[in-house]
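Q: Chains A and B are the protein sequences, given in the same order.
Numbering follows the numbering used here, with no gaps: position 326 of the first sequence is 326.
If you want the numbering used here, it's the position in the second sequence, counting the first as 1, plus 1000.
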Amino acid sequence: MATTSRAAPVPELAGTEVAFHDLVLVGNPNVGKSVLFGWLTGTYVTVSNYPGTTVEISRSRLTAGVLPDWSDGKAVDTPGTNTLIPTSEDEKVTRDILLDGEYGAVLQVGDAKNLRRILLLTVQLAEMEVVMTLCLNMGDEAARRGVSIDHQRLSEILGIPCVPTIAVRRQGLSEMSRALEDSSVPAFRVRYSEAIEEGIERTIPLLPPAPVAARALALMVLAGDETLSDWLLRRLDDAAIERLREISAATSRAYGEPLRAVIGRERLASVDRVVARVLTAGRPRERALTRWIDRATVHPVWGAPVLLAVLLAAYWFVGVLGAGTAVNFIENIVFNKFINPAVIGFFDRFVPIPLVRDFFVGDYGVVTMALTYSLAIILPIVATFFLAFGVLEDSGYLPRLAVMVNRIFRLMGLNGKAVLPMVLGLGCDTMATMTTRILDSRKERMIVIILLALGVPCSAQLGVIMVMLGGLPLWASGVWLGTVVGTLFLVGWLSSLLLPGENSDFILELPPLRWPSLGNILQKTLGRMEWYLKEAAPLFILGTVLLFVADRTRVLAYIERISAPVIHTLLSLPPRTAEVFIIGFLRRDFGAAGLLAMNSEGLLDSVQVVVALVTITLFIPCIANLLMIVKERGWRKAMLISLFVFPFALAVGTSLNFALRGLRSML
Amino acid sequence: MPHPMTAEQELEELAEELWALDERGVHQRSRIVTGSKLGLELAVATLEEMSRQEMVRQENDEVHLLPAGKTLGRTVVRRHRLAEVLFRQVLAVGEEETEITACQVEHILTEEVTDRICTYLGHPPTCPHGKAIPRGDCCAVFRRDVTPLVQPLSNLSIGSTARIVFIAQALHGRMDRLMTLGIQAGGMIRLQQNHPAVVVQVGETSVALDKEICNEIYVLPLEK
């Protein structure tokens, strides 16, 4: 092997006593890093069949006994990456961790079906000279595809332990933890063509000292990795940076394509020679039905009926079972028949102070309003939504949905990839705002954040809206849906024209369709509900307390009085709606729930309901979402978004109000 | 060299080497003559001959190509690199064999034949080593009178498999992304569908793509 003819590098870490602190899990997207992380640490992080689910780093203490020698160490789960020359924000996160060098060893996790892609990453880790072990995961799927890997031979070629595993079934994991003890720096190196090797030699002396091998850094610099420039600027003077640029430019003159393409091509050629030596391709044992379903989900003809069926099933589960049956049962029977009467009775008998009594069980009572809303109305809807979402996620249907909607999303300056945050937004906009990191360009992230803040109702709000619309003729649902979707498209289209930046390509890996594991979905749903409740319940109570105080101090009446003209003339809504909009800021769904109460008291006619629903759907995002926007995009952008959304929602509501009233008087 | 060369071929050989070195910014006379395939002695003699024919200018131990020499070098490099694409990527000839044959073929291809090969290959921009193939007249008009063997992926019929010959470089970020998923020159690709988005299989990976990207992936269709 030409590539191993170079003397094996002397690893800086291997000879000395290394205090193994952290074990970093690295690998291509969707190969099971999070499952292994869970096994190593006993902590659950979201596991899904969607490339790029892990957008944040998880760090957790290793479970005692899993790796005896590293008993005080931690494991670090990183976002999936295909290359250490990052092409997206989450890939950069992983590269930066590796560049920091503050870890004991790397566990590379790979999908055994895709040995070529595993090794493309391995050779880059080898260039960094990290101490590592390779885990060839998903052995079951590889076997079904007829792929078998001679892992012992691979281990000899690379010079590191290589272990086959099936992490979801806990197979091969104890072998893996034993192998981790033998982690080492790979002996294997890619030998590049003359001009590049020359460029590496000229670059190395100019580089600042770094925790990873200079050869890896030199290759990143030659490849013109822009994400590295901050790191370099902090360590080198302008003259040195200029020299590095010159070397890169001079080297690239020998080739007709960008150096990163040449480097990638030569890595692939080198990897292919290894693959040829260790991989045997046999007959696939996949069932024809699985293949057919796989094709049908993105098929030009069958794709649409499949999509429709999925939507209907999701609607039935969340809209009918969750928002209907479950809400009715918990609200009308559990709360209104048992809990609330009991609590009210308790206060009537034992707490005769009216102020305290009203604080807990009055019109704006912590129990009668906050708890009833959050537990009776919101919780069942959130639970059913996240269960349904979990099934979509783990089956691998979401990326296929992205294929189906790609064209439509193009109209809004987005591509199919944006479907994940948008659908997740129907669950919780705050969570979805965080997930926009999987998108490739700054511009697309901004557009999706605006659309989420503006018009994607979260599950709880959606549930309340569905309940209200359920009581009205069908046209009301049509008008609401048409206005909201139309507004989303219009704003998406306008933002794509106005916002600077580029639209990115639609290049999306489709993971295999898998049977979701019920255990994983339940665990994930519970985790998400916990997240939601922790965030929602306190805000509900806070909102209720604020309302209670505003009501008692007559501030509420005052706000209602001054905003009444606006609300009345523009939206033709009763003054009490003002309070709905105010609490809508604390939680959107809470605001919608307030409308529900007014509706059931018969205070609103159908046009008013539709106008109010559209306005509150488009209304400013809730506090939590706003804070997440600040976290992701900064204060300035968050304020700009709010300043746009607030009058815009009012304007759409007003236009709709006048249009509907005009139409009604004509008929 | 397996066969003795004519004086004309020696001139072509050195012009080719000079052009390729110029591409990398190398002009030192000593480096040129010691690195030449012609051997030191013959290289020095040929260089003198080129000076006489006003193909090069020599000064201060530096050699610079003059327009006549540049044209000759460019033509030979073009023939050589096109031959490499044909042998290596289309006919799947081994690396060494390709090099030996290309070195001979580069001296005998006429302009007409060269342009036809170029057209047949779909006017590839780079050779298998990633070096630029100098453009010919046929590339400027993107001639199509010879049915190109190498076609954009978007022309492929659904369900068929092809070998990727090259990816036209529009945006380098795009090429990086494709590369990390295994879509790069030399790899095999299978087209599953064109609508609503293109879906291809590369090894065990399925990838969905925009239609426009497929116009930039040039492939050699294989039989079903």
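Even for Gly, the Cβ is constructed at its ideal location relative to N, Cα and C.
(1) Using a C-beta cutoff of 8 angstroms, does L125 (chain A) count as contacting chain B?
(2) Quick one: does Y397 (chain A) have its CB under 8 angstroms from some CB of chain B?
(3) Report the three-state DSSP secondary structure of E1062 (chain B) (helix, strand or coil).
(4) Short of 7 angstroms Cβ to Cβ, which residues in the stretch 504-523 of chain A face chain B?
(5) With 16 as the cutoff for other CB atoms within 10 Å, does N28 (chain A) come out buried or exposed?
(6) Could you list which residues in chain A have their beta carbon closer than 7 angstroms to that of Q1089 (chain B), in chain order?
(7) Let's see if you can read the secondary structure: which residues bound the alpha helix (DSSP H) around R145 (chain A)?
(8) Only counting the same chain, and skipping five residues up and downstream in sequence, which positions put a Cβ closer than 8 angstroms to that of G662 (chain A)?
(9) So, at 6 angstroms on beta carbons, what are the nonlocal neighbours of F335 (chain A) in its own chain, with the 5 sequence-adjacent residues on each side left out?
(10) With a threshold of 7 angstroms on Cβ separation, who are the neighbours of R245 (chain A) within its own chain once the five nearest residues in sequence on each side are excluded?
(11) When burial is assigned at 16 or more other CB atoms within 10 Å of the CB, is N137 (chain A) buried or exposed?
(12) Are the beta-carbon atoms of I241 (chain A) and G199 (chain A) separated by less than 8 angstroms?
(13) Does the Cβ of S1206 (chain B) have 16 or more other Cβ atoms within 10 Å, making it buried, or fewer, making it exposed?
(14) For A1132 (chain B), which residues in chain A fall below 9 angstroms Cβ to Cβ?
(15) Looking at the structure shown, is F489 (chain A) part of a helix, part of a strand, or coil, going by DSSP?
(16) Give the interface partners of L1181 (chain B) over in chain A, defined as CB-CB distance under 9 angstroms, in chain order.
(17) Which residues in chain B have a C-beta closer than 8 angstroms to the C-beta of T87 (chain A)? List them in chain order.
(18) Can you tell me the Cα-Cα spacing of V190 (chain A) and L1153 (chain B), whole angstroms?
(19) Examine chain B for any beta-carbon lying closer than 8 angstroms to the beta-carbon of P300 (chain A), and answer yes or no.
(20) What are the boundary residues of the beta strand (DSSP E) that includes A132 (chain A)?
(21) Is K443 (chain A) close to chain B, meaning its C-beta is less than 8 angstroms from at least one C-beta of that chain?
(22) At least one CB of chain A closer than 8 angstroms to the CB of E1017 (chain B): is that the case?
(23) If we ignore side chains and look at the alpha-carbon of each, how far apart do T615 (chain A) and L490 (chain A) end up?
(24) How should H1064 (chain B) be labelled, buried or exposed, when 16 other C-beta atoms within 10 angstroms of its C-beta is the threshold for buried?
(25) What separation, rounded to the nearest whole angstrom, lies between the Cα atoms of T290 (chain A) and F317 (chain A)?
(26) Is any beta-carbon of chain B found at less than 8 angstroms from that of G264 (chain A)?
(27) Report back the beta-carbon spacing between A383 (chain A) and G427 (chain A) to the nearest angstrom; my notes put them in contact at under 8 angstroms.
(28) Measure the CB-CB distance between G32 (chain A) and V168 (chain A) and report whether it falls below 8 angstroms.
(29) Measuring alpha carbon to alpha carbon, tell me which residue in A:N599, A:V271 and A:V361 is nearest I157 (chain A).
(30) Whole angstroms is fine: what's the gap from D681 (chain A)'s alpha carbon to Y364 (chain A)'s?
(31) Are any of the Cβ atoms in chain A nearer than 8 angstroms to that of T1114 (chain B)?
(32) Residues of the stretch 1024-1053 of chain B in Cβ contact with chain A at a cutoff of 8 angstroms, in chain order, please.
(33) Taking the beta strand (DSSP E) that A105 (chain A) falls in, what are its first and last residues?
(34) Leaving aside the five residues before and after A1208 (chain B) along the sequence, list all residues of the same chain whose C-beta is less than 6 angstroms from its C-beta, in chain order.
(35) Run through DSSP, which three-state label would I623 (chain A) get?
(36) Would you call the stretch 482-500 of chain A and the stretch 1014-1029 of chain B in contact, with 3 or more CB pairs under 8 angstroms?
A: In terms of the structure at hand:
(1) So no, L125 (chain A) is outside the interface.
(2) Not closer than 8 angstroms to any Cβ of chain B, the Cβ of Y397 (chain A) fails to qualify, so no.
(3) Collapsing the DSSP output to three states places E1062 (chain B) in a strand.
(4) For the stretch 504-523 of chain A, residues whose beta-carbon sits nearer than 7 angstroms to a beta-carbon of chain B comprise D505, F506, I507, L508, E509 and L510.
(5) With 16 or more other Cβ atoms inside 10 Å of its own Cβ, N28 (chain A) counts as buried.
(6) Contact of Q1089 (chain B) with chain A by beta-carbon distance below 7 angstroms is absent, the smallest such distance being about 12 angstroms.
(7) Segment: none, R145 (chain A) is in no alpha helix (DSSP H) and carries neither H nor E.
(8) The beta carbon of G662 (chain A) is closer than 8 angstroms to none in its chain, skipping five residues each way along the sequence.
(9) The beta carbon of F335 (chain A) is closer than 6 angstroms to those of T372 and A376 in its chain, skipping five residues each way along the sequence.
(10) For R245 (chain A), where only same-chain residues beyond five positions count, there are no Cβ hits under 7 angstroms.
(11) N137 (chain A) counts as buried, since no fewer than 16 other beta carbons sit within 10 angstroms of its beta carbon.
(12) Result no, Cβ atoms of I241 (chain A) and G199 (chain A) do not sit closer than 8 angstroms.
(13) Burial call: buried.
(14) Going along chain A in sequence order, the residues near A1132 (chain B) (Cβ under 9 angstroms) are Y255, G256 and E257.
(15) Residue state, collapsed to three classes: helix.
(16) From the beta-carbon of L1181 (chain B), the residues of chain A found nearer than 9 angstroms are N82, R117, I507 and E509.
(17) Neighbours of T87 (chain A) on chain B, chain order: G1173, D1176, R1177 and T1180.
(18) Cα to Cα, the separation comes out at about 30 angstroms.
(19) Taking Cβ atoms only, chain B reaches closer than 8 angstroms to P300 (chain A), which makes this a yes.
(20) Correcting the residue identity first, residue 132 (chain A) is Met in this sequence and not Ala. Secondary structure note for M132 (chain A): its beta strand (DSSP E) is the uninterrupted segment M132 to N137.
(21) It does not: the Cβ of K443 (chain A) has no partner Cβ on chain B nearer than 8 angstroms.
(22) Closer than 8 angstroms: no.
(23) Those two C-alpha atoms are separated by around 16 angstroms.
(24) Within 10 angstroms of the beta-carbon of H1064 (chain B) lie fewer than 16 other beta-carbons, which makes it exposed.
(25) The straight-line gap from Cα to Cα measures roughly 24 angstroms.
(26) Yes, G264 (chain A) lies at the interface with chain B (some Cβ there is under 8 angstroms from its Cβ).
(27) Wrong, their Cβ atoms sit about 11 angstroms apart, outside the cutoff.
(28) Yes, Cβ-Cβ distance for G32 (chain A) and V168 (chain A) is below 8 angstroms.
(29) The candidate whose alpha carbon is nearest that of I157 (chain A) is A:V271.
(30) Since the displayed chain A opens at 1 and closes at 667, residue 681 (chain A) lies outside it and no answer follows.
(31) At least 8 angstroms separates the CB of T1114 (chain B) from every CB of chain A.
(32) Cβ contacts with chain A come from R1024 and G1025.
(33) Where A105 (chain A) is concerned, the enclosing beta strand (DSSP E) stretches over A105 to D111.
(34) Listed in chain order, the non-local C-beta contacts of A1208 (chain B) below 6 angstroms within the same chain comprise A1197 and V1199, local neighbours out to five positions each way being set aside.
(35) Residue state, collapsed to three classes: helix.
(36) For the pair of segments examined, the stretch 482-500 of chain A was found not to touch the stretch 1014-1029 of chain B: the number of CB pairs separated by less than 8 angstroms stays below three.
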